[in-house]
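Structure first, then comments.
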Amino acid sequence: MSKFKAGGIDKRSRDFIDTMRKRYFLDEASGRVCSHFSNRVLEGWILEPKEGQARYRCHKVYFDGKQLSIREHHLVWLITRGEWPESEIDHKDRDGLNNRPENLRMVTHAINGRNLPLLRNNKSGIAGVQWRPDFSRWVAQVKVRTGEKQKSIYLGSFETIFDAACARKSYEAANGFRSCDFQPEQQKAKEVEA
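For the sequence shown, numbering that gives the first Met the number 0 assigns the number 0 to the initial residue and increments by one for each residue that follows.
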């Protein structure tokens, strides 16, 4: 099924977009979607993530007699930009519940995958850096997606976690990666300290 169609409805159609913009608006202060009819924030529900994925808020909307489930960040994009997103929407701060327009950007699937939070089983606290007990060294690597395939690029093994992290950061900087090492709470704490 096309990502633009659900229940036979083309979400890119002018009629769908205009109807959604008439029914809903964005509360700028909270970044939440509100109804023009009740002037209240839509409650929706939160999709519980799989490991390594962000949480998202979803809403049921009705159009042409049909019910659709739409993620809130898509609805915010539609309301503020007047178009259905042509590709994926990335949350810059990795908080899938922060749907303020300035936190959203349209990106390719590969770029969106670079901005994932650390997996729960990450012990180093740094994306792409792991301790290898069989080598007694820190190993740095990066996973890149080319089309549908994903491959690991080995960046080296190092005596210190600092050297491994530097190798990873150097690769990220040279290849247009965004920093993926901190959870949003950790990043905010670092900004407050600075």
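Heads up, the beta-carbon is just placed ideally off N, CA and C, and yes, glycines get one too.
Open item on the list: Once DSSP output is grouped into helix, strand and coil, what is the label at ILE8?
Closed with: Locating residue 8 in the sequence shown gives position 9, where the first residue counts as 1. ILE8: strand per DSSP, three-state reduction.
Open item on the list: Which of the three DSSP states is assigned to LYS168 in this structure?
Closed with: Indexing the sequence shown from 1 puts residue 168 at position 169. LYS168: helix per DSSP, three-state reduction.
Task: Given ILE78 as reference, the closest of ASP14, THR107, PHE24, SER86 once Cα atoms are compared - done: In the sequence shown, residue 78 corresponds to position 79, counting from 1. When only C-alpha atoms are compared, the closest one is PHE24.
Task: C-alpha distance - GLU87 paired with VAL106, whole-angstrom precision - done: Within the sequence shown, residue 87 is the residue found at index 88, counting from 1. Within the sequence shown, residue 106 is the residue found at index 107, counting from 1. Their Cα atoms are separated by approximately 5 Å.
Open item on the list: I need the DSSP call for CYS179, collapsed to helix, strand or coil.
Closed with: Counting from 1 along the sequence shown, the entry for residue 179 is found at position 180. Here CYS179 scores only 43 on pLDDT, less than 50, and its place in the model should not be relied on; the value that follows carries that caveat. If DSSP states are grouped into helix, strand and coil, CYS179 belongs with coil.
Task: Buried or exposed (CB count within 10 angstroms, at least 16 for buried), PRO84 - done: Within the sequence shown, the letter at position 85 stands for residue 84. Label assigned to PRO84: buried.
Open item on the list: Can you tell me where the alpha helix (DSSP H) holding ARG13 begins and where it ends?
Closed with: Taking the first residue of the sequence shown as 1, we reach residue 13 at position 14. 13-22 is the extent of the alpha helix (DSSP H) around ARG13.
TODO: Could you tell me the distance, in whole angstroms, from the CA atom of ALA163 to the CA atom of TYR55?
DONE: If you number the sequence shown from 1, residue 163 lands on position 164. If you number the sequence shown from 1, residue 55 lands on position 56. So the alpha carbons of these two residues sit roughly 33 Å apart.
Open item on the list: Counting beta carbon pairs with one atom in the region 114-133 and one in the region 147-160, are three or more of them shorter than 8 Å?
Closed with: yes
Task: LYS10, buried or exposed, once every other Cβ within 10 Å from all chains shown has been counted against 16 - done: What you label residue 10 is simply residue 11 of the sequence shown in a count that begins at 1. Buried.
Open item on the list: Please report the distance separating the alpha-carbon of ALA109 from that of HIS35.
Closed with: If you number the sequence shown from 1, residue 109 lands on position 110. If you number the sequence shown from 1, residue 35 lands on position 36. Their backbone Cα atoms lie some 36 Å apart in a straight line.
Task: Residue range of the unbroken beta strand (DSSP E) whose run includes ALA126 - done: Here the question's residue 126 lines up with position 127 in the sequence shown. Counting along the chain, ALA126 falls outside any beta strand (DSSP E), and DSSP gives it neither H nor E.
Open item on the list: Which residues does DSSP list as the beta-bridge partners of ALA139?
Closed with: Here the question's residue 139 lines up with position 140 in the sequence shown. ALA139 is bridged to VAL128, GLY155.
Open item on the list: For GLY81 and ASP94, what's the separation of their Cα atoms in angstroms?
Closed with: As a working mapping, residue 81 is identified with position 82 in the sequence shown. As a working mapping, residue 94 is identified with position 95 in the sequence shown. Using only the alpha carbons, I get a separation of about 23 Å.
- [ ] Would you tell me roughly how many angstroms separate the C-alpha atoms of ALA166 and ARG136, rounded to the nearest one?
- [x] Locating residue 166 in the sequence shown gives position 167, where the first residue counts as 1. Locating residue 136 in the sequence shown gives position 137, where the first residue counts as 1. The alpha-carbon atoms of ALA166 and ARG136 are separated by roughly 14 Å.
TODO: Pull up the DSSP beta-bridge partners for ILE88, would you.
DONE: Position 89 of the sequence shown, counted from the first residue, corresponds to residue 88. BP columns for ILE88 point to MET105.
Task: Limits of the beta strand (DSSP E) - the one that LEU67 falls within - done: In the sequence shown, counting from the first residue as 1, residue 67 sits at position 68. Run containing LEU67: 65-70, per the beta strand (DSSP E) assignment.
- [ ] Answer yes or no: the CB of ASP26 versus the heavy atoms of the ligand COA, is any distance below 7 Å?
- [x] Absent from the structure shown: the ligand COA. Ligands present: none.
Task: Alpha-carbon to alpha-carbon, GLY43 and ARG31 - done: Reading the sequence shown from its first residue, position 32 is the one you call residue 31. Reading the sequence shown from its first residue, position 44 is the one you call residue 43. Distance between the alpha carbons of ARG31 and GLY43: 10 Å.
Open item on the list: In the DSSP output, what is ARG144 paired with across the bridge?
Closed with: Stepping through the sequence shown from its first residue, residue 144 is reached at position 145. Looking at the DSSP assignment, ARG144 forms a beta bridge with GLN149.
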